[in-house]
DNA sequence: ACCTCTACTTTGAGTAGTCAAACTAAATAA
DNA sequence: TTATTTAGTTTGACTACTCAAAGTAGAGGT
Ligand SMILES: [Mn+2]
Ligand SMILES: [Mn+2]
Ligand SMILES: [Mn+2]
Ligand SMILES: [Mn+2]
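Protein chains in written order, with the working numbering: chain A, 199 to 418; chain B, 199 to 418.
And the structure:
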């Protein structure tokens, strides 16, 4: 069984590979950035992960997950997201706080317990941030959505929030911005980089492009 | 913060110190036995724990917990037992299976979440095995009970099961032997080392002295 | 074709935890 | 008292993970 360290590496590579331009290849710099480790540490680990058949690593070109690595990554992601859903729905913790907790628990919870949690929640398809939960066999919905930052005026539904930072999520909550919420992009000032939004029938709010980058929406 | 390794050492020392004849002093052999580590490993760790002010260690004489070590041990015990109670009462896992799970989760669950669990359970005083749960401030009920193996015929209440082994606990379950249960010691054969028991109005059962050693009872 | 900069790799070192095997203090037996 | 046994200690080695700092491959700029 992979250690929690290895699980975190595989998860990071998996997530970076989805955003990768170059096929599914991930640059080591992105990994070290994501995990907050030095470049040398990551190089060393990549050799190790390759020797364990988790990844395929070409020096100076990057890494891609091999089958067993992807499988392991999906299991970690499944545990992470089920745990988040559990903490919000059953334990009534704030969705802004559950990420950190899940980052640790994802390595500590047994298969038996994760199965129990899954049943208890009725096999949820998405976590509290709108991220899809892989099935026990490693299937994952790979729908993609446009960022609010890249979209024109109109009516949308918030599908997913792609940022973990707790303060940001708390701010979203305070404006009822959570997955599922309907909203209207009223107008945008491209030069100032500010977007005006209406959520339900509340007062319009202003939001910067960076903040809008993490709000993934569907036209409706 | 102590690592999970250190937490397990402190917990082991704490639990062994309660059974200690020589004050609260614990022999290193008992620690290595309990944790399944070699003697040398434990010696090395004791020096380290002393340097961190968790224990007081006298070579060849044993260790005792210092204040901060005892405090840490009680916190781990609290987490462990609350988690067990949670897994049984809320998650509906079998009491025979929760120990292993708790052994890991006790190091992974945050204070915030443990507090949530405690509230959700209504501040329970004992875990599913009848072990007392220390309070957040480190107070613990230290009531002691006689082992069924050491007691004469009569009516008793099962208060506590002092053994973790899952097969044993499953066997107890199958005879309705769980904390709180009333039972009658019908007779005992001191030479054969066999005790005859009646639980509620079921058929009498036979139980050996070793098995009866783990059943802690109160006269009633 | 050469230079430079960036991203990556290598090297050397350190922490935390562990074991096997050699050694020793001290309790117990003779 | 001396010898033996037991419990504990020391030593040397190993795995897993990490960093800082020195070194290098190769992409892009001139
Ligand atoms: Mn993690
Ligand atoms: Mn999430
Ligand atoms: Mn533990
Ligand atoms: Mn217990």
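Backbone N, C-alpha and C fix where the C-beta goes; we use that ideal spot for every residue, glycine too.
Contacts of residue i in chain B (Cβ-Cβ under 7 Å)
i                      : result
residue 306 of chain A : 302, 303 and 306
Residue i: contacting residues in chain A (beta-carbon distance under 9 Å)
i                      : result
residue 311 of chain B : 285, 289, 291, 299 and 303
Collapsed DSSP secondary structure at residue i in the structure displayed
i                      : result
residue 395 of chain A : strand
residue 258 of chain A : coil
residue 202 of chain A : helix
residue 287 of chain A : helix
residue 379 of chain A : coil
residue 385 of chain A : strand
residue 415 of chain B : strand
residue 336 of chain B : coil
residue 216 of chain B : helix
residue 349 of chain B : coil
residue 420 of chain B : There is no way to answer for residue 420 of chain B, as the model of chain B reaches only from 199 to 418.
residue 235 of chain B : coil
residue 315 of chain A : helix
residue 405 of chain A : strand
residue 361 of chain A : coil
residue 410 of chain B : helix
residue 225 of chain B : coil
Interface flag, residue i vs chain B, CB-CB below 9 Å
i                      : result
residue 277 of chain A : no
residue 223 of chain A : no
residue 199 of chain A : no
residue 348 of chain A : no
residue 325 of chain A : no
residue 318 of chain A : yes
residue 220 of chain A : no
residue 295 of chain A : yes
Inter-residue spacing [alpha-carbon to alpha-carbon] between residue i and residue j
i                      : j                      : result
residue 224 of chain A : residue 247 of chain A : 14 Å
residue 272 of chain A : residue 315 of chain B : 28 Å
residue 281 of chain A : residue 379 of chain A : 22 Å
residue 386 of chain A : residue 412 of chain A : 16 Å
residue 235 of chain A : residue 296 of chain A : 23 Å
residue 241 of chain B : residue 231 of chain B : 13 Å
residue 252 of chain A : residue 339 of chain A : 22 Å
residue 343 of chain B : residue 212 of chain B : 18 Å
residue 206 of chain B : residue 353 of chain B : 37 Å
residue 278 of chain A : residue 331 of chain B : 29 Å
residue 407 of chain A : residue 347 of chain A : 5 Å
residue 227 of chain A : residue 244 of chain A : 12 Å
residue 356 of chain B : residue 382 of chain B : 10 Å
residue 351 of chain A : residue 384 of chain A : 6 Å
residue 328 of chain B : residue 268 of chain B : 21 Å
residue 301 of chain A : residue 255 of chain A : 26 Å
residue 292 of chain B : residue 401 of chain A : 51 Å
residue 415 of chain A : residue 345 of chain A : 6 Å
residue 409 of chain A : residue 303 of chain A : 28 Å
residue 238 of chain B : residue 305 of chain B : 24 Å
residue 372 of chain B : residue 307 of chain A : 27 Å
residue 290 of chain A : residue 284 of chain A : 8 Å
residue 341 of chain A : residue 377 of chain A : 14 Å
residue 312 of chain A : residue 388 of chain B : 47 Å
residue 374 of chain A : residue 418 of chain A : 18 Å
residue 202 of chain B : residue 210 of chain B : 12 Å
Any non-hydrogen atom of ligand 5 closer than 8 Å to residue i Cβ
i                      : result
residue 325 of chain B : Ligand 5 is absent from the structure shown, which contains only ligand 1, ligand 2, ligand 3 and ligand 4.
Chain A contact for residue i (CB, 9 Å cutoff)
i                      : result
residue 363 of chain B : no
residue 216 of chain B : no
residue 206 of chain B : no
residue 339 of chain B : no
Interface residues of chain A facing residue i [CB-CB closer than 8 Å]
i                      : result
residue 314 of chain B : 289, 290 and 291
Would you call the segment 315-332 of chain B and the segment 392-399 of chain B touching, i.e. three or more CB-CB distances under 8 Å? no
Closer than 8 Å is the cut-off here; do at least three beta carbon pairs connect the segment 217-234 of chain B with the segment 364-373 of chain A? Touching, no.
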